[in-house]
RNA sequence: GCGCCUGUAGCUCAGUAGGAUAGAGCGUCGGUUUCCUAAACCGAAGGUCACAGGUUCGAAUCCUGUCAGGCGUACCA
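Numbering (the working numbering), first residue to last: 39 to 643.
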């Protein structure tokens with residue numbers, strides 16, 4: 039964002055705080071005033087006001103400071119306000135209650151901020167972070183040779199949002215799709231494929247596995263019932279581990295076939311994972327022995343009941359005995375704990391991660407606690423690398439039990455998404471029957487898929503949540519369609535402008551002084567300038583619901599504004615501001631939904 | 001037994017280093033359309049924030065204990 043000399047905006051905006059978050063500026067100003075008054079540092083604790091009658095922001099830190107200094111809080115507040123330099127941003131601060139400082143934004147400041155955001159077409163005035171880190175995000179991790187089911191949804195989309203958030207903040211994000219592409223079940227699958235389709239050996243690419251689920255089940259049934267076949271399967275496992283060329287060829291084919299099944303689902307979900315982000319269990323297979331060797335040499339890993347174990351402090355089993363983190367079974371085989379250790383070491387040593395985020399369900403919490411403890415014991419993190427388990431609850435059906443089909447089977451992700459699109463399509467057909475077929479289908483996809491994703495994001499990820507098509511596809515409430523609708527209404531205004539002789543581009547290009555006439559305008563403006571805070575909070579806590587809550591607030595404020603303030607018919611003096619508010623709202627919703635949540639925003643709906 | 005997660009309006013859920021009178025949506029009741037998409041907007045009713053103590057100017061939020069549900073707890077992932 040650059041200002042030309044003489045530009046009115048440059049005179050309005052003080053370069054000192056340009057681009058910084060409003061909440062940070064206020065925090066800094068009030069903290070400075072407290073320091074000036076008391077000679078000591080106390081946090082100002084500036085927050086959005088609890089009630090509109092208290093203004094827009096309130097500083098809560100005075101009471102604590104007064105307490106520490108054993109002085110009267112209201113008196114301290116008066117002294118702080120006396121030296122508080124904030125007249126470029128706020129009206130005269132007020133002191134209220136036991137010692138709150140209430141701040142009310144000046145119209146000129148809000149207007150200047152809006153203009154500033156308007157100039158930045160890519161990032162809406164949001165700066166990249168000062169100190170970028172290398173952040174590894176481990177998410178999705180589907181099993182090869184099985185269809186993706188609802189159990190994979192949350193990790194896949196929550197992880198994707200976190201990756202997008204960190205990337206937008208300016209960090210170097212490395213996505214890692216830790217696919218389950220190795221293990222004993224592959225012996226069975228390879229043996230089965232060789233048996234059913236011998237031509238796979240000559241030309242692996244010629245064989246298609248139409249239904250992965252069926253393929254897996256058939257192979258398993260044969261393995262369970264046919265001892266000869268089971269022996270062949272075991273032999274294939276050995277061949278696989280020895281990198282037998284023929285067996286590896288068939289294995290690779292199975293992996294590629296699986297990818298052809300799940301990659302389209304990623305695309306349908308607008309999940310940013312690419313094949314090159316895959317680094318599955320097979321990648322670490324030849325590094326496992328070394329992990330065990332190193333941990334043994336360090337004296338951390340010891341044999342117990344025939345298995346190689348590490349006993350991190352503070353973990354106990356049912357008998358109250360130390361709980362082992364088993365890295366090699368008594369039969370010599372390695373486990374997922376071993377693979378996770380190898381992956382963790384790789385991410386630190388080879389990917390140079392500063393932070394590693396694992397997005398998996400809450401049931402694995404203890405596993406990751408132990409994994410992180412072991413990594414620390416082994417000295418891998420060097421008190422430098424941050425390890426984070428971002429956990430989430432289970433998806434439940436409307437009966438409150440884990441989400442299953444009527445017959446009790448797992449719900450396939452593909453079918454779930456198809457149903458969401460079908461349901462959305464029915465609504466589009468009803469509400470907007472005259473649109474072309476193709477556009478209706480495109481809207482149905484955006485609304486249906488968006489609804490499923492958004493419903494997941496909007497929930498506090500720690501809780502289990504009840505999956506309901508009816509709720510997520512509703513136009514009322516905190517749903518994707520509600521926000522998409524707000525966006526579509528703005529786009530509709532833009533389309534109608536020409537017919538009413540309104541030159542939007544011209545009016546937006548010549549914006550200068552703006553003044554707020556209606557409360558709804560200012561309310562919307564106040565929310566628009568806090569988008570940066572919402573993003574920061576969501577990224578910092580890895581909680582997409584902070585972002586969805588913001589987008590919902592914004593959309594609600596827009597709907598009120600839309601209802602109260604005509605745009606195209608507005609007086610010439612008022613129209614530029616309203617056009618600007620519409621444009622910024624549309625761009626913010628679009629950025630939040632599409633760029634950060636991966637949810638499409640149709641122009642019409 | 002131990003550990004983790006959860007417990008907020010009839011239902012589904014928010015509540016972002018402890019802040020003023022705890023918020024939405026659904027459902028219920030009532031209102032708004034010569035006007036840019038009513039898939040919308042406005043209003044009303046509805047709460048012992050599971051319970052009991054504690055910490056302090058102030059607790060849904062922090063601490064301790066209790067109760068309830070879910071999950072995990074030695075060779076699955």
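Don't be surprised by glycine CBs; every beta carbon is placed ideally from N, CA and C.
Owing to the predicted nature of the structure, the values given are computational and were not obtained by experimental measurement.
Relative to the C-alpha of residue 648, which candidate in 612, 344, 382, 506 has its C-alpha closest? With the chain represented from 39 up to 643, any question about residue 648 goes unanswered, as that position is not in the structure.
Please state whether DSSP places residue 199 in a helix, a strand or coil. helix
Distance, Cα to Cα, residue 292 vs residue 259? 18 Å
Report the CB separation of residue 203 from residue 576 in whole angstroms; it is logged as a contact under 8 Å. So it is a contact: roughly 6 Å between Cβ atoms.
Just grab the DSSP bridge partners of residue 230 for me. According to DSSP, which records beta bridges pairwise, residue 230 is partnered with nothing at all.
Opening and closing residue of the alpha helix (DSSP H) in which residue 167 lies: For residue 167, no alpha helix (DSSP H) encloses it, and the DSSP letter there is neither H nor E.
Taking the DSSP output, what are the residues bridged to residue 176? 214, 396
Cβ-based neighbour list, residue 354, same chain, cut-off 8 Å, excluding 5 preceding and 5 following: 360, 361
Checking 7 Å against the spacing of the C-beta atoms, do residue 441 and residue 451 come in under that value? no
Tell me whether residue 385 is buried or exposed, calling it buried when 16 or more other Cβ atoms sit within 10 Å of its Cβ. buried
Within 10 Å of its beta-carbon, does residue 243 have 16 or more other beta-carbons around it, so buried, or fewer, so exposed? Its Cβ having fewer than 16 others within 10 Å, residue 243 is exposed.
Counting pairs of Cβ atoms below 8 Å between the region 108-123 and the region 131-146, do you hit three or more? The region 108-123 vs the region 131-146: in contact.
Going by other Cβ atoms of all chains shown within 10 Å of its Cβ, with 16 needed for buried, is residue 447 buried or exposed? exposed
Taking all protein chains shown into account, decide if residue 209 is buried (16 or more other Cβ within 10 angstroms of its Cβ) or exposed. buried
Given 8 Å as the limit, is there contact between the region 420-440 and the region 493-502, that is, 3 or more CB pairs closer than that? yes
Which ranges does the alpha helix (DSSP H) cover as unbroken runs of at least 4 residues, wholly within the region 531-614, from first to last along the chain? 542-547, 557-566, 569-579, 582-602, all fully within the region 531-614.
Which listed residue (151, 219, 404) has its alpha carbon closest to that of residue 296: Closest in alpha carbon position to residue 296, among 151, 219, 404, is 219.
Taking only three categories from DSSP, how would you classify residue 433? strand
Look at the alpha carbon of residue 176 and the alpha carbon of residue 581, and state the distance between them as a whole number of angstroms. 16 Å
Which one or two residues does DSSP pair with residue 366 in a beta bridge? 346, 372
Looking only at C-alpha atoms, which of 263, 249, 320, 173 sits nearest to residue 216? For residue 216, the nearest C-alpha among the options comes from 320.
Inter-residue spacing [alpha-carbon to alpha-carbon] between residue 379 and residue 489: 37 Å
Provide the residue span of the alpha helix (DSSP H) that contains residue 252, from first to last. 250-263
Residues that DSSP places opposite residue 134 in a beta bridge: 138
Sheet register partners of residue 128 (DSSP bridge): Residue 128 pairs with 143.
Alpha carbon to alpha carbon, how far is residue 425 from residue 332? Give it in angstroms, no decimals. Inter-residue distance for residue 332 and residue 425 is about 21 Å (C-alpha atoms, whole angstroms).
Would you grab the beta carbon distance between residue 584 and residue 572 for me? Rounded to a whole angstrom, and I think it's under 8 Å. About 6 Å; that satisfies the 8 Å criterion.
Taking its Cβ as the centre, do 16 or more other Cβ atoms sit within 10 Å of residue 436, making it buried, or is it exposed? exposed
Considering only residues of the same chain and omitting the five flanking positions on each side of residue 114, which have a CB-CB separation below 6 Å? The residues are 100, 104.
According to DSSP, is residue 339 part of a helix, a strand, or is it coil? strand
Hey, residue 511 and residue 466 are a contact pair by Cβ (cut 8 Å); roughly how many whole angstroms apart? Between residue 466 and residue 511 the Cβ distance is about 11 Å, and since that is not below 8 Å, they are no contact.
Under 7 Å between C-beta atoms of residue 288 and residue 238: A contact, by the Cβ cut-off of 7 Å.
Comparing C-alpha positions only, which one of 127, 498, 601 sits nearest to residue 196? 498
Tell me whether residue 48 sits in a helix, a strand or coil according to DSSP, three-state version. Annotation note: pLDDT 41 at residue 48 (below 50); position unreliable, coordinate value reported separately. Helix at residue 48.
Residue span of the beta strand (DSSP E) that contains residue 85, given as start and end: 84-86
Nearest-angstrom Cα distance between residue 459 and residue 607? 37 Å
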